[in-house]
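**Student:** Structure provided below as structure tokens; questions to follow.
In full-length UniProt numbering, the protein residues as written are 1 to 446.
Dropping the structure here:
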């Protein structure tokens, strides 16, 4: 690359000025440049050395020490072994009311609009990923000297902003953290990002970018429209089909509104998921404006439709249940319908419906021979496995009710439960029997 977004704005303004002058027969109106890009490159190389270089390297080493290598967002598909950079984009528009509210919040807290949006973006991504430590990349113009503001060249650098989300911060607290981290990072923006990666030396993977996988960029309308006499040429955004990172949110203020573009990796995310994420993002911003003292982790992210779907739609599990049939009678219907189908699987064991029914019937007959009758209670204390279900079905077939006992309970608690429920018999296993208290009731070993 030979230029950046800022350079496009410089080029458009200079081309417009030259067109206006030459079309009127005037001389070149552009002032001589105080320096050239090569001068800047040489100056940067000389300046960024020795103590300055060491100080910048130490800052980034400390700032990113122990940072998570991966932002573990819930994805629609497993992360591929190798990043393929396929992507799509989605638009976001925040209305004037919300934009003004965010500006007012930023002004009250002494931050920039970028910092406020970064706090919301980091808070959302951390919450979705279940992480209280996230790193987000952001590009900076890196034109800290006035002499280079009018140059065409590649000055842009990328900063890694580490955001601490621990201890459930309020919007105000999180904004203060983001402000400090951003200012510190900007004060050390001269070290090229590729050198930051060398300093940190993270565990590299072909499946994701190092240090961060999410970006937030802020456009300051550097690439202004090109005016040529009576003509105004506007840029046309081309639909992107690539994504350098998992998520990249580009934001800008246009006509008193914040507008943005979300670029996402299609290998990981579906369009519907990204629409939900943008909805969550807007709700976080609205919550921050409404009350910057509330804990962002407590903000309700779900819209009405999604809440209805999750709480009602996915739980619509009601099914018609015949009131005049018992559970074991319904099971026996299934035995008649498909006797050889697998009814029960546990580790390497498999029982067909017919075999499970046969063993349950045998147990039921044995219980009846012991005097078990309808409305009696039979305790079951066995290891988790096929014997547990055989026991349940056998007790039900005998007309009794079953009382499940967890063998992990202390002997005193098991003794109390048995005494309180007064079962007529106990189903157990030889290995489990040794852990049971002394009992005065019939034992059946499964």
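Every residue, glycine too, gets a C-beta built ideally from N, C-alpha and C.
Name, in chain order, the residues that DSSP records as bridge partners for residue 60.
**Tutor:** DSSP, once it has assigned bridges, lists no residue as partnering residue 60.
**Student:** Determine the burial state of residue 448: buried for a count of at least 16 other Cβ atoms within 10 Å of its Cβ, exposed for fewer.
**Tutor:** Beyond the ends of the chain as shown, which are 1 and 446, falls residue 448; an answer cannot be given.
**Student:** So, with DSSP's three-state summary, where would you put residue 345?
**Tutor:** Of the three classes helix, strand and coil, the one that applies to residue 345 here is strand, per DSSP.
**Student:** Cα separation between residue 215 and residue 197?
**Tutor:** Their Cα atoms are separated by approximately 16 angstroms.
**Student:** Kindly indicate the opening and closing residues of the alpha helix (DSSP H) around residue 335.
**Tutor:** Here the alpha helix (DSSP H) through residue 335 covers 327-337.
**Student:** Excluding the 5 residues flanking residue 43 on each side, which residues of the same chain have their C-beta closer than 7 angstroms to its C-beta?
**Tutor:** Nothing meets the Cβ criterion.
**Student:** Using only CA atoms, which one of 217, 396, 365, 340 lies nearest to residue 330?
**Tutor:** Minimum Cα distance to residue 330 is reached at 396.
**Student:** Do you know offhand how far residue 260's Cα is from residue 271's?
**Tutor:** In a straight line, the C-alpha of residue 260 is about 16 angstroms away from that of residue 271.
**Student:** With 16 as the cutoff for other CB atoms within 10 Å, does residue 235 come out buried or exposed?
**Tutor:** Burial call: exposed.
**Student:** By DSSP, does residue 380 sit in helix, in strand, or in coil?
**Tutor:** Residue state, collapsed to three classes: strand.
**Student:** Among all the DSSP beta bridges, which residues are the ones paired with residue 263?
**Tutor:** In DSSP, residue 263 forms a bridge with 89, 248.
**Student:** Could you name the residues that DSSP lists as bridge partners for residue 47?
**Tutor:** Note: residue 47 sits in no beta bridge, so no partner.
**Student:** Residue 115 and residue 35 - do their beta-carbons sit closer together than 8 angstroms?
**Tutor:** No, the pair does not count as a contact, with Cβ atoms beyond the cut-off.
**Student:** Determine the DSSP secondary structure at residue 75, reduced to helix, strand or coil.
**Tutor:** Residue 75 falls in the coil class under three-state DSSP.
**Student:** Less than 8 angstroms between the CB atoms is what I'm expecting for residue 278 and residue 92, so what's the real figure, rounded?
**Tutor:** Contact flag correct, Cβ pair sits at about 5 angstroms.
**Student:** Against chain B, with Cβ distances strictly below 8 angstroms, would residue 390 count as a contact?
**Tutor:** The question asks about chain B, but that chain is absent: this structure has only one protein chain.
**Student:** Identify, in the order they occur along the chain, each residue of the same chain with its Cβ nearer than 7 angstroms to the Cβ of residue 350, setting aside the five sequence neighbours on each side.
**Tutor:** Hits under 7 angstroms: 342.
**Student:** Counting only runs that start and end within the segment 292-326, where is the alpha helix (DSSP H) found for 4 or more residues in a row?
**Tutor:** Taking only runs of at least 4 residues, the alpha helix (DSSP H) segments lying wholly in the segment 292-326 are 304-308.
**Student:** Whose C-alpha, out of 119, 80, 151, is nearest the C-alpha of residue 30?
**Tutor:** Ranking the options by Cα distance to residue 30, first place goes to 151.
**Student:** Using only the alpha-carbon positions, how far apart do residue 417 and residue 445 sit?
**Tutor:** Looking at the two C-alpha atoms, the distance is approximately 20 angstroms.
**Student:** Which residue comes first and which comes last in the beta strand (DSSP E) that contains residue 161?
**Tutor:** Run containing residue 161: 157-164, per the beta strand (DSSP E) assignment.
**Student:** What's the call for residue 387, buried or exposed, on a 16-neighbour Cβ count within 10 Å?
**Tutor:** So residue 387 ends up on the buried side.
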